[in-house]
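Okay, so here's the structure we're looking at.
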Amino acid sequence: DLFHPSSLAEEDKLTFNTTIVGAAVAQVHELGFPEPIVWADDVLSVTRDDDLRLCFLKVMGSNDFGDWRRNLILDDDPVVSFHDSRRVLGQGMSGFVQVYANTRHIALDQLRSKCDLASDHVVVAGHSRGGAIAQVFASALYLDAVVPPERLHLVTLGSPRVLASKLSDKVHGKFNQVRLINAKDPVPSLPFRAFGFKHIGTMFCFECGYASARDAPRLVAFMHATD
């Protein structure tokens, strides 16, 4: 089942903006990808909610574990600046960083043309593989100061680890970051931490039965999810 903010305990709802998180979930799962940005099999879209004054950069994902696993490349690639490919912001998993590298210019152009970056809250969102790619985009938007941290939001659902430890530590908690996972989903446990990648953001888990932690879930959670 897909995670939705309504499944959270009341005390957890107080720790993030349910309007923004709920809108992000709806954008990813219900509202489609108009005027898509396409690279290989990946699809991104920039949309704006005029009533809420929210700008969304959303990345299509999959509910199929095997689908994103086929695209998994454990090598790391440099995450370069939106503005200058010679400026390296950090490292991330190749299979996800390559999508950012090949779509970042058109995505930034659409953010500037469709949204008011001087005042809008910008929400970067995605599910599973889409959430991994969203992490790269949000980190670069923050490090390149395209959007101030108080108006930049990352919302991922069932995302794997993607940022190398050094880059993850650099951006973790520096802007609004919500990481939603489900106990039955093995994807957030991968790739295993021994490969040198870390999650970012505050984790909220549906039916996990274990404490929220910076880089949870671990291997034991993967084994439980795949039983």
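Using our numbering, you'd call the opening residue of the sequence shown number -1 and step up by one each time. Idealized CB from N, CA, C, for every residue including glycine. Predicted, not measured: the structure shown is a model, and the values here were computed from it.
#1: When you compare only the Cα positions, how much space is there between alanine 162 and alanine 192?
#2: According to DSSP, is asparagine 15 helix, strand or coil?
#3: Once DSSP output is grouped into helix, strand and coil, what is the label at lysine 228?
#4: Based on the DSSP secondary-structure assignment, which residues constitute the bridge partners of isoleucine 35?
#5: Would you report the Cα separation of leucine 178 and threonine 45, rounded to the nearest angstrom?
#6: Below 8 Å on the Cβ atoms is my guess for threonine 154 versus glycine 124; work out the distance and round it to an integer in Å.
#7: When the Cα of valine 77 is compared with those of Val57, Ile131, Val120, which residue comes out closest?
#8: If you draw a straight line from the C-alpha of alanine 143 to the C-alpha of serine 117, how long is it?
#9: Buried or exposed: which applies to proline 184, given that a residue is buried once 16 or more other Cβ atoms fall within 10 Å of its Cβ?
#10: Within 10 Å of its beta-carbon, does alanine 38 have 16 or more other beta-carbons around it, so buried, or fewer, so exposed?
#11: From proline 42 to phenylalanine 94, what distance separates their C-alpha atoms?
#12: Check alanine 214 in the structure and name its three-state DSSP category.
#13: By how many angstroms is the C-alpha of histidine 170 removed from the C-alpha of cysteine 53?
#14: Under a three-way DSSP split, which group does valine 120 fall into?
#15: Am I right that valine 176 and valine 134 are in contact with their C-beta atoms under 8 Å? What's the rounded C-beta distance?
#16: Could you pull the start and end residues of the alpha helix (DSSP H) that valine 95 belongs to?
#17: Quick check: glutamine 96 and aspartate 74, are their CB atoms within less than 8 Å of each other?
#18: According to DSSP, is leucine 50 helix, strand or coil?
#19: For glycine 128, does the count of other Cβ atoms within 10 angstroms reach 16, so buried, or fall short, so exposed?
#20: Within 10 angstroms of its Cβ, does alanine 241 collect 16 or more other Cβ (buried), or is it exposed?
#21: Measure the C-alpha to C-alpha separation of histidine 151 and alanine 24 and round it to an integer number of angstroms.
#22: Please tell me whether valine 121 and isoleucine 35 are closer than 8 Å, where the distance is taken between their beta carbons.
#23: Judging by CA-CA distance, which residue of Arg110, Gly156, Pro189 is the nearest neighbour of phenylalanine 204?
#24: Name the one or two DSSP bridge partners that histidine 125 has.
Looking at the atomic coordinates:
#1: 11 Å
#2: coil
#3: Because the chain in this structure spans residues -1 to 225, residue 228 falls outside the shown range and cannot be described.
#4: Leu42
#5: 22 Å
#6: Here threonine 154 really is in contact with glycine 124; their C-beta atoms are around 6 Å apart, less than 8 Å.
#7: Ile131
#8: Going from the Cα of alanine 143 to the Cα of serine 117 covers about 14 Å.
#9: buried
#10: With fewer than 16 other Cβ atoms within 10 Å, it is exposed.
#11: One detail in the question is off: residue 42 reads as leucine in this sequence, not proline. Straight-line Cα distance between these residues: approximately 13 Å.
#12: In the three-state reduction of the DSSP assignment, alanine 214 falls in the coil class.
#13: 22 Å
#14: strand
#15: A Cβ-Cβ separation of about 17 Å leaves valine 176 out of contact with valine 134 under the 8 Å criterion.
#16: 92 to 112
#17: no
#18: coil
#19: buried
#20: Outside the shown range of the chain, which is -1 to 225, sits residue 241, and nothing can be said about it.
#21: 15 Å
#22: no
#23: Gly156
#24: Leu155
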